[in-house]
DNA sequence: CCTCAATGTAGACAGCGGAAACAATGTTGT
DNA sequence: ACAACATTGTTTCCGCTGTCTACATTGAGG
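Chains as they are written, first to last, in this note's numbering: chain H, 12 to 226; chain S, 12 to 226.
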C-alpha cells in the first residue's frame with residue numbers, strides 16, 4: 012500500500028480511487044456502508060450479498076472473506092446500529108438541560124427519532140437471532156442503554172423518582188417508547204403522532220413513578 | 012393421522028383425509044396451518060413455499076393458486092394472527108373481574124403472553140410491509156385493539172382514568188407492553204421478567220393516568 | 001352431458017447463498 | 001532482496017428458491 016494511495020490511506024479516510032486494482036482495500040466497510048443504504052431504501056429482506064458486491068464492483072464471492080454468511084453481515088449492521096444509537100443518546104444527554112424531566116424527555120425523544128429515522132435498522136437490531144455474533148450485539152445494546160439507566164439512578168438520587176431497581180423502572184419507559192416507534196414504523200399509527208405520544212409517555216412515566224408524598 | 016376426522020369435519024374444521032386425489036380440497040387452510048407451524052419452529056425467514064408444498068404433498072406451484080406470492084402468505088398469517096389476538100383479548104376481558112385495574116391487568120397480561128408465546132408471528136404482524144393486502148391487516152389490527160380502547164373509555168367513565176383521547180392514553184399502555192415483549196422476544200431481557208415488568212407497567216400506568224384530585 | 005372455471009402439475013428460468021479451487025497481492029522473516 | 005506465507009479477490013459450480021407459462025384433472029352449472 013506504499014505506492015500511490017499512501018496519502019489518503021494515512022488520513023484513515025476511504026481511498027475511493029476509481030481505478031481499483033485486485034484488492035479493494037476497504038471492502039468490509041464499503042460493504043457495511045452499501046448495506047446500510049440498501050437497508051434504509053429497500054429493507055433487510057431485499058438485502059442481497061450479490062447486489063452489494065455488484066454495486067461495489069467486486070466479485071460476488073468477495074464479501075465472504077469479510078462476513079461468514081449473510082446473517083453475519085446483518086449482525087454487524089445491528090451492532091453498529093446500537094453503537095450509533097449509544098452515540099445519539101449520549102450527545103442528546105450532553106446537550107440536555109439540567110433538570111431531570113427535561114433530561115428524560117430529551118433522551119427519550121432522541122431515541123424515538125433515531126428509531127423512526129432508521130426503521131429497518133431498528134427492526135434488525137431487535138430481531139437479532141441468537142447466533143455466535145449475538146454476544147457482541149447484546150454488549151452494544153447494553154452500552155446504548157447504560158446512559159439511560161444512569162439517568163434513572165440520578166433521578167432517584169434527586170428524589171424525582173421512587174426507589175427500586177433502576178433497570179426495572181427504566182426498562183418500562185424505554186419499552187414504551189420502543190413500542191410507540193414500532194407501531195409507527197409498522198404503519199399502525201401515524202408518524203405525526205410521534206412527539207405527542209412521546210410527551211404523553213414521559214408525562215405518564217413521571218407521574219407514575221413519582222415518590223409518594225401523601226399516601 | 013387424526014382419528015376424529017368425521018367429527019371435526021362436521022364442525023367445519025379441516026377434513027385432513029389421508030388418501031388425497033388430484034384436488035386437495037383445503038389447500039389454502041392446510042398451507043396456513045403448516046406455515047404457522049413452520050413460523051413458530053423456524054421463523055419467517057426460513058419459511059419456504061416449496062417446503063410447505065412438499066410437507067403437504069402437493070406440487071411446488073400449487074400454493075400459487077391461493078397466494079399470489081410468498082408475501083401474500085405472510086400477510087394472511089399476519090391477518091389471522093391479529094384475529095386470534097382479538098379473540099384472546101376478548102375472552103380475557105370476558106373472564107376478568109369487574110374492577111377496572113383488574114381488567115387492565117388481565118387484558119394486558121393476556122396480550123403479553125400471546126406476544127411471547129407467538130414471537131415470530133408477532134414480528135410478522137408488526138412488520139407488515141405496506142402492500143395491497145395491508146388494509147386487511149390494518150383492519151384486523153383495529154379489531155384487536157378495539158376492546159382495549161373500550162376498556163380505557165370505561166375507566167374514564169368510572170373516574171379511574173383522567174379524561175383525554177382514549178386512543179392516545181391507551182396506546183401508550185399497549186405500546187409499553189408491546190415494547191416489553193419485543194425486548195423479551197429479542198433476548199434483550201430475560202423472559203422470566205415478563206410478569207414482573209407487566210405488573211410494573213400497569214402500576215405505573217394506573218398511577219400516571221389517575222385523575223388529579225388535589226392539583 | 002357438456003362446457004367452463006377452479007385447482008393442481010410439470011417444466012423452465014433467473015437469482016440467490018454458499019463451497020471449493022485458483023489467482024493476485026501484501027507481509028514478514030531472513 | 002527475496003522467498004515463503006497470509007490475506008483478499010475471482011471463477012466456477014451446486015442446490016435451493018420464487019415465479020412464470022403451458023398443460024392436466026376435476027367439479028359444478030347450463
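The C-beta atom is built at its ideal place from N, Cα and C for all residues, glycine as well.
Computed from a prediction, not measured in an experiment: that's the story for all the values here.
Beta-carbon neighbours of residue 187(S), restricted to chain H and to distances below 7 Å: 183, 186, 187, 190
Does the distance from the C-beta atom of residue 159(H) to that of residue 208(H) stay below 8 Å? no
Could you give the residue range of the alpha helix (DSSP H) that holds residue 196(S)? 177-196
Closer than 8 Å at the beta carbon, the chain H residues around residue 211(S): 179, 180, 183
Is the Cβ-Cβ distance between residue 202(H) and residue 195(H) less than 8 Å? yes
Any beta carbon from chain H within less than 8 Å of residue 78(S)'s own beta carbon? no
Pairwise C-alpha distance: residue 72(S) and residue 46(H): 32 Å
Residue 305(S), DSSP secondary structure in three states: Since the first residue of chain S shown is 12 and the last is 226, residue 305(S) is not available in this structure.
Could you tell me if residue 109(H) is buried or exposed, where buried requires 16 or more neighbouring beta carbons within 10 angstroms of its beta carbon? exposed
Comparing alpha-carbon positions, which option in 146(S), 178(S), 112(S), 155(S) lies nearest residue 218(S)? 112(S)
Establish whether the CB of residue 141(H) and some CB of chain S are separated by less than 8 Å. yes
List the residues of chain H that residue 220(S) touches, going by C-beta distances under 8 Å, in chain order. 215, 218, 219
Select from 35(S), 156(S), 49(S), 145(S) the residue whose C-alpha is nearest the C-alpha of residue 69(S). 35(S)
Taking only beta-carbon atoms, is residue 208(H) less than 8 Å away from chain S? yes
Determine whether the beta carbon atoms of residue 104(S) and residue 162(S) lie at a separation below 8 Å. yes
So for residue 142(H), helix, strand or coil by DSSP? coil
By a C-beta neighbour count over all protein chains shown, 10 Å radius and 16 as the cutoff for buried, is residue 116(H) buried or exposed? buried
Using a Cβ cut-off of 9 Å, which residues of the segment 115-129 of chain H contact any Cβ in chain S, in chain order? none
Between residue 202(H) and chain S, is the shortest Cβ-Cβ distance under 8 Å, so that the two count as touching? no
Buried or exposed: where does residue 211(S) fall if 16 or more other Cβ atoms within 10 Å of its Cβ makes it buried? buried
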